[in-house]
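Chemist: To start, I am sharing the structure in question, which I have written as structure tokens.
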Amino acid sequence: MHKFYKSKYIISSGEKIYENSVLVVQDGKVFDIVENNKVPENMEVIDFGNAVITPGFVNLHTHLQYTDLKPLFKPEQIPQNIDFADWIISLMKQYFFWSEAKKIKSFKNGLRETVLSGCTCIIQLSREESFLGILKNLDLKSFVFLETFSNNEENSKKEIEKLQKQIRENTSKNVTIGISPHSIYNVHNTLWEEIAKFSAEENILVHTHLAESQDEINWLNNKPSGIDKIHKLVKWDNMKPYESGMNPVEYLEKLGVLERLKGNLTVAHCIELDEKSLEKLVSYGVGIAHCPRSNMLLHKKTLNFNNLSQNILQNTGLGTDSRFSNYDLSILNEAKYAKDYTGLDFQKLMDMLTINSASILKIDDITGSLEEGKDADFLVFNLNSFVILSKAKDLYQDIFNKEKPDEIYIKGHQIAKSGKFTSEQWKFLNESE
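Quick note: the sequence shown uses this note's numbering, first residue 10, plus one each step.
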């Protein structure tokens, strides 16, 4: 059965905009986009009026479980003077002493916030299997990357066995399980090699933090670093790089990780890399998760896309990171900040929110744009004024000025309207526990 959704504008992808058209959905998938007069007269049409339909957004990097942590920063002030190592230690000292129930509550609060900002696909980094049970029951495109840490060869062998077991036992229709080796400085080279081997054999996606801080660069070069303070706290005093004098990209390349993980690796942050290193990552098929507000809050710098090639841009998506290093989990607010800070073109920004991230996750055949055969994951934004299509930037400006979409659809079914979940499957998140 066909469903018809009429709107003043439909953005099928960043560069393709339809005016006075109808999105046709069949069995949860995009069937076509047609002009208003092409819809049969006897068909029921849902008319959004002066509105724009866009593809659903992707949050390419987040830790929803940290939503209720007490942050170190002051409200609405970017950048701030926060020591990275102290920030990590504060996170550990708070979160590790929470009960399971408190962690689940925090995760649900984060899930509510990021989905209502327009995310029909999320990338979650965590260790807890309890979050998987929540996501399995939601018709959301969820990617959960199981975080892992190790400081020696023996522990690395145990970790990879545990990860393999978790992935085998938690495969489901709605949740894709991947692996997140936390970082170069918190993962022994043996575990990096084991993960790369397993990923290549089983086509498992991998997501890590890379070149996020000067502390990481100092640690790689055996210089005094805040990382040493973290390692001392967890009694990892002997944790050292397997070889010093390299930047983070060279380090993973020499390990053979980049070659083995071709097309399966996403790296978050990358703010301590130059364009040459970023280009090298892209040449290996690595995707980049850009988290500008988190970067500015913690490190007073972020990627400046005005100075980077189109090739790098096309392989970059946006993420909010956690609420412990951000003011909120709104992917729209993240996009606004990226626009204000870099002046990034609206079309490129829309691509980063949609098709770029879908391509990085290797699901651009089913989502990321509103094209025939793809899932009908879309958002509806009521426009504040009548926009002239010849000025496409005004249309995008109206979208990015919104706090949240007015309606959210996944596979052609409405899940939220006016900031509240409407689908029975999702209503449990309306309750603020």
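Cβ atoms here follow ideal geometry from the backbone N, Cα and C, with glycine treated the same way.
Predicted model only: the values in this text are computed from it and were never measured.
How about residue 147 and residue 119: are their beta carbons less than 8 angstroms apart?
Modeler: Cβ atoms of residue 147 and residue 119: not closer than 8 angstroms.
Chemist: With a cut-off of 8 angstroms on the beta carbons, I'd call residue 258 and residue 274 a contact; round off their distance for me.
Modeler: That pair is no contact at about 11 angstroms.
Chemist: Using the beta-carbon count (16 or more within 10 Å), is residue 95 buried or exposed?
Modeler: Exposed.
Chemist: Rounded to whole angstroms, what's the CA-CA distance from residue 313 to residue 305? Just pull it up for me.
Modeler: Between residue 313 and residue 305, the C-alpha separation is close to 12 angstroms.
Chemist: What residue from 12, 114, 57, 49 has the CA that sits closest to residue 28's CA?
Modeler: For the residues 12, 114, 57, 49, the minimum Cα distance to residue 28 belongs to 57.
Chemist: Give the single residue among 357, 126, 351 whose Cα lies nearest to the Cα of residue 405.
Modeler: Of the candidates 357, 126, 351, the one whose C-alpha sits nearest the C-alpha of residue 405 is 357.
Chemist: Classify residue 247 as buried or exposed, calling it buried when 16 or more other Cβ atoms lie within 10 Å of its own Cβ.
Modeler: Exposed is the call here.
Chemist: Under the rule that 16 or more other beta-carbon atoms within 10 Å means buried, what is residue 218, buried or exposed?
Modeler: Answer is buried; the Cβ neighbour count reaches 16.
Chemist: Identify, in the order they occur along the chain, each residue of the same chain with its Cβ nearer than 6 angstroms to the Cβ of residue 287, setting aside the five sequence neighbours on each side.
Modeler: Around residue 287: 321.
Chemist: According to DSSP, residue 325 sits in a beta bridge with which residue or residues?
Modeler: Residue 325 is bridged to 297.
Chemist: Just checking: is the beta-carbon of residue 148 within a distance shorter than 8 angstroms of some beta-carbon in chain D?
Modeler: Looking at the structure shown, chain D is missing, and only one protein chain is on hand.
Chemist: Give me, in chain order, the residues of the same chain whose beta-carbon lies closer than 7 angstroms to that of residue 203; leave out the 5 immediate sequence neighbours on both sides.
Modeler: If we look at residue 203 and ignore the five residues flanking it on each side, its Cβ neighbours are 165, 169.
Chemist: Let's see if you can read the secondary structure: which residues bound the alpha helix (DSSP H) around residue 257?
Modeler: From DSSP, the alpha helix (DSSP H) with residue 257 extends over 257-264.
Chemist: So residue 351 and residue 315 are in contact, right, with Cβ under 8 angstroms, and what is the actual spacing, rounded?
Modeler: With a Cβ gap of about 6 angstroms, residue 351 and residue 315 count as contacting.
Chemist: Drop a sphere of 10 angstroms on the beta-carbon of residue 361, count the other beta-carbons inside from all chains shown, and report buried for 16 or more, exposed for fewer.
Modeler: Buried, since its Cβ has 16 or more Cβ neighbours within 10 Å.
Chemist: On the criterion of 16 or more Cβ atoms from any shown chain inside 10 Å, does residue 232 qualify as buried, or is it exposed?
Modeler: Exposed, by the Cβ-count rule.
Chemist: Could you check which residue in 290, 151, 297, 80 has the C-alpha nearest to that of residue 268?
Modeler: Checked all of 290, 151, 297, 80; the closest Cα to residue 268 is 290.
Chemist: Using CA coordinates, which residue listed in 34, 60, 68 is at the minimum distance from residue 52?
Modeler: Comparing Cα positions, the closest option is 34.
Chemist: Whose C-alpha, out of 242, 261, 37, is nearest the C-alpha of residue 250?
Modeler: It is 261 whose Cα lies nearest to the Cα of residue 250.
Chemist: Counting C-beta neighbours from all protein chains within 10 Å, is the total for residue 11 16 or more, i.e. buried, or is it exposed?
Modeler: The residue in question, residue 11, is exposed, as its Cβ has fewer than 16 Cβ neighbours within 10 Å.
Chemist: Would you say residue 421 and residue 65 are within 8 angstroms of each other, going by their C-beta atoms?
Modeler: Result no, Cβ atoms of residue 421 and residue 65 do not sit closer than 8 angstroms.
Chemist: Who does residue 134 pair with in a DSSP beta bridge?
Modeler: Answer is 154, bridged to residue 134.
Chemist: Can you give me the start and stop residues for the alpha helix (DSSP H) that residue 93 sits inside?
Modeler: Start and end: 93-104.
Chemist: Considering only their Cβ atoms, is the gap separating residue 43 from residue 30 smaller than 8 angstroms?
Modeler: Taking 8 angstroms as the Cβ cut-off, residue 30 and residue 43 qualify as a contacting pair.
Chemist: With residue 102 and residue 61 assumed to form a contact (beta carbons below 8 angstroms), what rounded beta-carbon distance in angstroms separates them?
Modeler: Wrong, their Cβ atoms sit about 45 angstroms apart, outside the cutoff.
Chemist: Applying the 10 Å Cβ sphere with the 16-neighbour rule, what's the burial state of residue 242?
Modeler: It is exposed - the Cβ of residue 242 has fewer than 16 other Cβ atoms within 10 Å.
Chemist: With DSSP as the reference, please indicate the residues paired to residue 425 in a beta bridge.
Modeler: Its beta-bridge partners are 417, 430.
Chemist: In this structure, what does DSSP give as the bridge partners for residue 64?
Modeler: The partner list for residue 64 (beta bridge, DSSP) reads 387.
Chemist: In terms of residues, what are the limits of the beta strand (DSSP E) holding residue 187?
Modeler: Element bounds for residue 187: 184-190.
Chemist: Can you tell me which of the three DSSP states residue 218 falls into?
Modeler: Correct three-state label for residue 218: strand.
Chemist: I need the DSSP call for residue 139, collapsed to helix, strand or coil.
Modeler: Note: residue 139 maps to helix in three-state DSSP.
Chemist: Taking C-beta to C-beta, are residue 3 and residue 354 nearer than 8 angstroms?
Modeler: Outside the shown range of the chain (10 to 442) lies residue 3, about which nothing can therefore be said.
Chemist: Give me the residue from 226, 162, 224 with the minimum Cα distance to residue 196.
Modeler: If we check each option's Cα against that of residue 196, 162 comes out closest.
Chemist: Does residue 190 pass the burial test, meaning 16 or more other C-beta atoms within 10 Å, or should it be called exposed?
Modeler: By the neighbour-count rule (16 or more Cβ atoms within 10 Å), residue 190 is buried.
Chemist: In whole angstroms, what separates the C-alpha of residue 280 from that of residue 80?
Modeler: Cα to Cα, residue 280 sits roughly 22 angstroms from residue 80.
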